[in-house]
Amino acid sequence: MAHIATYALALALPWAGSAQASVRCDIPMTQWQPRDAVVQLAQQNGWDVRRIKIDDGCYEIYATDADGQTFEAKIRPDTLAIIEIESDDDDDHDDHDDARGERGDH
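Per mature numbering (1 follows the signal peptide of the UniProt record, and there is no 0), the sequence shown runs over residues -21 to -1, 1 to 85.
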């Protein structure tokens, strides 16, 4: 019987980590701020917005900051609190031409 409990726990652990890695906003739509308020938040922060979408119940802003750095910001839809900012430079892909004008290996 103890083996069954240990096995069940071992199966559940990978899911626990992945669930925590993804930020979710479980806010009823009736409490959401309008999209225009999200645009205003971005402007107040000096962001040049490329796209706003909804993912996992949160607003996501794809933008460029005053220094020209692109990023993704996850925003709580009711309070417009910034939950997470992830730089687009965080990935390991080299999509830019190198000094010789050749594409990087993928």
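We put the beta carbon where it would ideally sit given N, CA and C, even for glycine. Because the structure is a prediction, the values reported are computed rather than measured.
When the Cα of residue 45 is compared with those of 25, 31 and 33, which residue comes out closest?
-> Position 66 of the sequence shown, counting from 1, holds the residue named residue 45. Closest option to residue 45, Cα to Cα, is 25.
Go through its chain and collect everything with a Cβ distance to residue 36's Cβ below 8 Å, but skip five positions before and after it.
-> Walking along the sequence shown from the start, residue 36 turns up at place 57. 3, 4, 5, 6 and 56.
Boundaries (first-last residue) of the alpha helix (DSSP H) holding residue 16 | Position 37 of the sequence shown, counted from the start, is the residue given in the question as residue 16. Run containing residue 16: 14 to 23, per the alpha helix (DSSP H) assignment.
Specify the secondary structure class of residue 35 as computed by DSSP and reduced to three states.
-> Translated into the one-based positions of the sequence shown, residue 35 becomes position 56. Of the three classes helix, strand and coil, the one that applies to residue 35 here is coil, per DSSP.
By how many angstroms is the C-alpha of residue 59 removed from the C-alpha of residue 43?
-> Counting from one through the sequence shown, the residue named residue 43 turns up at place 64. Counting from one through the sequence shown, the residue named residue 59 turns up at place 80. Spanning the two alpha carbons is a distance of roughly 18 Å.
Length of the line joining the Cα atoms of residue 27 and residue 8 | Walking along the sequence shown from the start, residue 27 turns up at place 48. Walking along the sequence shown from the start, residue 8 turns up at place 29. If you take the alpha carbons of residue 27 and residue 8, they lie about 26 Å apart.
From the DSSP output, in three-state form, read off residue 46 for me.
-> For the purposes of this step, residue 46 is identified with residue 67 of the sequence shown, where counting begins at 1. Residue state, collapsed to three classes: coil.
Among 20, 68 and 15, the one whose alpha carbon lies nearest that of residue 50 = Along the sequence shown, one-based indexing puts residue 50 at 71. Nearest of 20, 68 and 15 to residue 50, Cα basis: 68.
Do you know offhand how far residue 117's Cα is from residue 54's?
-> Nothing can be reported for residue 117, as the shown portion of the chain is limited to -21 through 85.
Cβ-based burial, residue 66 [other Cβ within 10 Å; buried from 16] = What you label residue 66 is simply residue 87 of the sequence shown in a count that begins at 1. Exposed: under 16 other Cβ atoms inside 10 Å.
Span of the beta strand (DSSP E) around residue 64 | Along the sequence shown, one-based indexing puts residue 64 at 85. Taken as a continuous stretch (DSSP letters only), the beta strand (DSSP E) holding residue 64 covers 61 to 66.
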